[in-house]
Amino acid sequence: MYMLHAGAPSNNGSIRYTALTPGGARGEIPSPHTSAPHQPALMRRHSIFLTLALALLAPVVAHTQTALTPDQAEARAIFQQLIEIKTSYKEGSTSPAAHAIARRFLNAGFPASDVHVLGPAGDKDSNVVVRMQGSSKTLKPILLIAHLDVVEALRSDWSIDPYKLTERDGFFYGRGTSDIKGGATTIAEALLRLKREHIVPERTLILALTAGEEGGGGYNGITWLIDNHRDLIDAEWCINPDGGDPLIKDGKKIVRAVQASEKVFQSFYLTVTNKGGHSSMPTPDNAIARLADAIGRVSRFHFPVHLNETTRAYFERSSGLANGQTAADMRAIAKNERDSAAAARLSASPFYNAQLRTTCVPTMLEGGHAPNALPQFARALVNCRILPAETPDDVRAALVRAIADDSVKVTSAEDGKLGTASPLRPAVMNPVEKVTQRLWPGVPVIPQMETGATDGWRLRDAGIPTYGLGGIPIDVDDVRAHGRDERILVKSFYEGVEYMYQLVREVAVTPTKS
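In our numbering, the protein residues as written are 57 to 570.
So, in structure tokens, the structure goes:
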């Protein structure tokens, strides 16, 4: 393990930090207002006509172009810097990004003792943790997390360079724009702005930008910090912009989501073995055939509906956005999870079905060893997404009962964990509601359960309630995370910068009692 206070010498020599201008990651942008030499009369006339034309067009230009505020300019510079540092696991490293963030906080006046770049000894990937000391001696800190790593992006797959921030047609393009360097920028900028405005929070604020969330190899930064430096990140609760996005539909904000729980990822092997034989003399006991029957039973099996605080609130509040039978079914299931008719209709939607119950689906298959031999081995991988409070052992037992064949062995593919939901406490929900209505009047705040996974479950498992609270509105019809030409709206980015600043200030400077 190494631990480096940014700005201090490391084991490999000294680290030199240079000031970064707020206008960009490197150097300065020259001013467009430069002096011109003496012009001939004809050119002066052209210049006069051009000046007049520009004056007439000025009102139009004013409506289409707006100069960035200093806060927005700084946020854009951070965003560009993070996008243009390749942090994918195979070809890149999170360490340059961690050091770049550390330098910005040191240049902003944060003490070196509160800025940490750290990770396992000798590993190419680092994390950065910044602490903004609060005035209260009794209120526990609030943690702000995002991951620095991104999934791989091949230049040949994209229409533009994935590792350059491209602003075009109202969008920011680049790998990580939506997942999740935009979110990382918003929480970093929130702390830098508080510092610039000489605001001392009552609660200590902790920024942790980490490695390894996307997988692909290496270690997970949040787990490593929990196991090795819990004191640096220990908090009463956590904001994670990698979840709970505000949503846009047809250009209009429709939901301010709050991700308060996540399903747990757990896979199981279904395995059948027998003695085999020659394919010219088939027997009823065929490993592939038995496995196929088992897969069919798993596919037809539905786990029981089980709502928790988050999903019950989700269906109750979402009913106000739905119409007709769907709205009625949402209200019904929120009142009574045993309403089988409402559950059946809602389950026709894969998304609603995933909110209602644990799900298991076959995703991989292998078997047999020769075209002219009876199979001696056949195996399927079944991937399950388990509701909080349900255990992997319970799910395995349910699969065994559904398969109802002792020749099919059901075993865990990895160590199972128990999922934990974060309570919808007023100290979180009230500030979210307040800031949302201040900035986006009329947009409903709706709790949700993540059907995928973020680093939030790791913190919940460690006893730190975590809330997915992205600030950047995402178009539900244009989700490109992990995909080709990943992008977010330019307008959404700047809205997210302001939203996150106001939320962080609301919870840290004027905290609501739990």
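Ideal placement from N, C-alpha and C gives every residue a C-beta, glycine not left out. What you are looking at is a predicted structure, and each value in this text was computed from that prediction instead of being measured.
For residue j and residue i, the rounded distance between their alpha carbons
i      : j      : result
ALA158 : ASP306 : 39 Å
ALA133 : ARG540 : 23 Å
ALA564 : ARG387 : 35 Å
ALA404 : ASP287 : 46 Å
ALA445 : ALA313 : 22 Å
ALA209 : THR233 : 12 Å
TYR325 : GLN432 : 16 Å
ASP127 : VAL451 : 49 Å
GLY423 : ALA518 : 39 Å
ASP511 : GLU269 : 6 Å
ALA458 : PRO500 : 40 Å
ASP170 : ASP290 : 14 Å
ILE139 : THR125 : 21 Å
VAL186 : VAL207 : 25 Å
ARG561 : LEU250 : 8 Å
LEU559 : LEU412 : 30 Å
GLU393 : LEU174 : 46 Å
ASN342 : ASN330 : 8 Å
GLN189 : PHE161 : 13 Å
ALA202 : ASP461 : 45 Å
ALA399 : SER375 : 14 Å
ILE236 : SER336 : 56 Å
GLY271 : THR339 : 43 Å
GLU513 : CYS440 : Per the sequence shown, the amino acid found at residue 513 is Trp instead of Glu. Distance between the alpha carbons of TRP513 and CYS440: 16 Å.
ILE520 : ASP283 : 13 Å
Beta carbon of residue i nearer than 7 Å to that of residue j
i      : j      : result
ASP531 : ILE304 : yes
ASP385 : ARG368 : no
PRO448 : GLY475 : no
GLY332 : ALA429 : yes
GLN504 : TYR370 : yes
GLY527 : GLY552 : yes
GLY165 : PHE549 : no
SER192 : GLU258 : yes
THR260 : MET556 : no
PHE228 : VAL546 : yes
GLU554 : GLN315 : no
HIS362 : LEU480 : no
ALA267 : ASN379 : no
ARG373 : ILE502 : yes
THR522 : ASN296 : yes
Which listed residue (the options) has its alpha carbon closest to that of residue i
i      : options                           : result
GLY178 : GLY380, SER548 and TYR275         : TYR275
THR419 : SER463, GLN432 and ALA469         : ALA469
ILE351 : GLU365, VAL417, GLY332 and PHE359 : VAL417
SER463 : GLU245, LYS196, ILE344 and ASP217 : ILE344
THR122 : ILE442, PRO482 and GLY226         : GLY226
TRP496 : PRO529, PRO257 and GLU506         : PRO529
LEU248 : GLN322, TYR550, GLY273 and ALA131 : ALA131
TRP293 : ALA509, GLN558, MET485 and LEU204 : MET485
ILE544 : ASP213, ARG231 and PRO167         : ARG231
Nearest-angstrom beta carbon gap, residue j and residue i [assumed within contact, 8 Å]
i      : j      : result
SER317 : SER478 : 6 Å
VAL438 : VAL328 : Actually they do not touch by this definition, with Cβ atoms about 13 Å apart.
LEU263 : ALA244 : 6 Å
THR150 : LEU204 : 4 Å
Quiz prompt | Any beta strand (DSSP E) of 3 or more consecutive residues that is wholly inside the region 242-322 | solution = If we require 3 residues or more, the beta strand (DSSP E) runs fully inside the region 242-322 come out as 261-266, 293-296, 302-305 and 308-318.
Self-check item: In chain order, each beta strand (DSSP E) run of at least 3 residues that lies wholly inside the region 180-238
Solution: Listed in chain order, the beta strand (DSSP E) runs fully inside the region 180-238 are 183-188, 198-203, 222-224 and 227-229, counting runs of at least 3 residues.
Quiz item: In chain order, which continuous runs of the alpha helix (DSSP H) of length 4 or greater are located wholly inside the region 476-523?
Solution: Along the length of the region 476-523, whole alpha helix (DSSP H) runs at least 4 residues long occupy 482-495 and 512-517, reported in chain order.
Exercise. Kindly provide the ranges of any beta strand (DSSP E) runs that are 3 or more residues long and lie completely inside the region 364-426, ordered along the chain.
Key: With a minimum length of 3 residues, the continuous beta strand (DSSP E) runs that stay inside the region 364-426 are 415-423.
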